[in-house]
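> Here it is, the structure in full.
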Amino acid sequence: GESVGLHLPTLSVQEGDNSIINCAYSNSASDYFIWYKQESGKGPQFIIDIRSNMDKRQGQRVTVLLNKTVKHLSLQIAATQPGDSAVYLCAEDGFGNEKLTFGTGTRLTIIP
Amino acid sequence: SAVISQKPSRDICQRGTSLTIQCQVDSQVTMMFWYRQQPGQSLTLIATANQGSEATYESGFVIDKFPISRPNLTFSTLTVSNMSPEDSSIYLCSVTGLAGELPSSSYEQYFGPGTRLTVT
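In structure tokens, the structure reads:
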């Protein structure tokens, strides 16, 4: 079946450095991709999204890149801060019906 | 944004019993969903809660095991029936389509804090 997966389950980054979190998806028909941040004991929180007709989208300290050729999605976090420590989840809306398929998640740890 | 609350926040239940989880939103919403997040795994969609009609279940989930109600545009319940240890998980509700929000290019699906269920 279709799936969304992540390359690395854990990532440790020095405070102040940039973080890059990757995600591979398998549904080539997916039109919409979203990154969520999930802190311990909380539900996922929307970070940024991108449609399939775009390659890049920027937010506040975050950038999402979409490479449709290799079905790869990445989240870049600039100048990582301790508050960025969380699990980051990628998700796709493969059928345009708001039903999301989630990846496993990458746990980002910030090293002081 | 939406403020979503879930009750209970956590519970420990005995196998064979049932637990009903409530999801309350502070504004009317179009869509409500229920997800499960098993330990160390991703979120998996259980069903779409439809107001005034039966929920729409995803493959692998059935109404007898996970009955869902949605009596209005701000409230839904998920029941985990005849529980077994394999049902130990975090259950999350999510919503889209907040009343009064202007359509935009982004799609924000808001999640509740989750209900952590442990079945012994």
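These protein sequence lines map, in sequence, to chains A and B.
Each residue of the first sequence is one higher than the one before, counting from 15 in the working numbering.
Each residue of the second sequence is one higher than the one before, counting from 14 in the working numbering.
For each residue, glycine too, the CB sits at the ideal point set by N, CA and C.
Source: prediction; values computed, not measured.
How is A:Asp31 classed by DSSP in three states: helix, strand or coil?
Three-state result, A:Asp31: coil.
> Given 6 Å as the limit, tell me if B:Leu130 has its C-beta closer than that to any heavy atom belonging to the ligand NAP.
Absence of the ligand NAP from the depicted structure is noted, as is the absence of any ligand whatsoever, leaving it without description.
> Report yes or no: do three or more beta-carbon pairs, one from the segment 28–47 of chain B and one from the segment 96–110 of chain B, lie closer than 8 Å?
The answer is yes - the segment 96–110 of chain B touches the segment 28–47 of chain B, with three or more Cβ pairs under 8 Å.
> Can you tell me the Cα-Cα spacing of A:Ile91 and B:Thr90, whole angstroms?
Approximately 36 Å between the Cα atoms of the pair.
> Taking one C-beta from the segment 92–102 of chain B and one from the segment 29–42 of chain A each time, how about it: are there three or more such pairs within less than 8 Å?
Contact between the segment 92–102 of chain B and the segment 29–42 of chain A is absent, because fewer than three Cβ pairs lie under 8 Å.
> Following the continuous beta strand (DSSP E) through B:Met96, name the residue where it begins and the one where it ends.
Unbroken run through B:Met96: none, as it is neither H nor E.
> What is the C-beta distance between A:Ala100 and A:Arg75, in whole angstroms, given that I count them as a contact (C-beta under 8 Å)?
With a Cβ gap of about 14 Å, A:Ala100 and A:Arg75 do not count as contacting.
> Please report the Cβ distance between A:Ser66 and A:Lys82, rounded to the nearest whole angstrom; I am assuming they are in contact, meaning their Cβ atoms lie under 8 Å.
Confirmed, Cβ separation roughly 6 Å.
> To the nearest angstrom, report how far apart A:Val78 and A:Arg121 are at their CA atoms.
Distance between the alpha carbons of A:Val78 and A:Arg121 is about 17 Å.
> Cutting at 8 Å between CB atoms, please list the residues of its own chain near B:Ser94, excluding the five before and the five after it.
Excluding positions up to five away in sequence, the list reads Ser31, Asp77, Lys78, Phe79 and Pro80.
> Can you tell me the Cα-Cα spacing of A:Gln95 and A:Gln59, whole angstroms?
Rounded to the nearest angstrom, the two C-alpha atoms are 17 Å apart.
> By Cβ distance below 7 Å, which residues in the same chain neighbour A:Gln72 in space, the five residues on each side in sequence not counted?
Same-chain partners within the cutoff: there are none.
> Does DSSP classify A:Asp98 as helix, strand or coil?
The answer is helix: DSSP assigns A:Asp98 an H, G or I state.
> By a C-beta neighbour count over all protein chains shown, 10 Å radius and 16 as the cutoff for buried, is B:Leu130 buried or exposed?
B:Leu130 is buried by the Cβ-count criterion.
> Kindly indicate if chain A contains any beta-carbon less than 7 Å away from that of B:Thr131.
No, its Cβ sits nowhere closer than 7 Å to a Cβ of chain A.
> Output the distance between the C-alpha atoms of A:Gly108 and A:Gly97, rounded to the nearest integer angstrom.
The alpha-carbon atoms of A:Gly108 and A:Gly97 are separated by roughly 31 Å.
> Please list, in chain order, the chain A residues whose beta carbon lies closer than 9 Å to that of B:Leu105.
Neighbours of B:Leu105 on chain A, chain order: Gly57 and Pro58.
> Consult DSSP for A:Thr83 and reduce its assignment to one of helix, strand or coil.
Note: A:Thr83 maps to coil in three-state DSSP.
> Quick one, are the C-beta atoms of B:Ala60 and B:Tyr70 less than 7 Å apart?
Yes, the pair counts as a contact, with Cβ atoms nearer than the cut-off.
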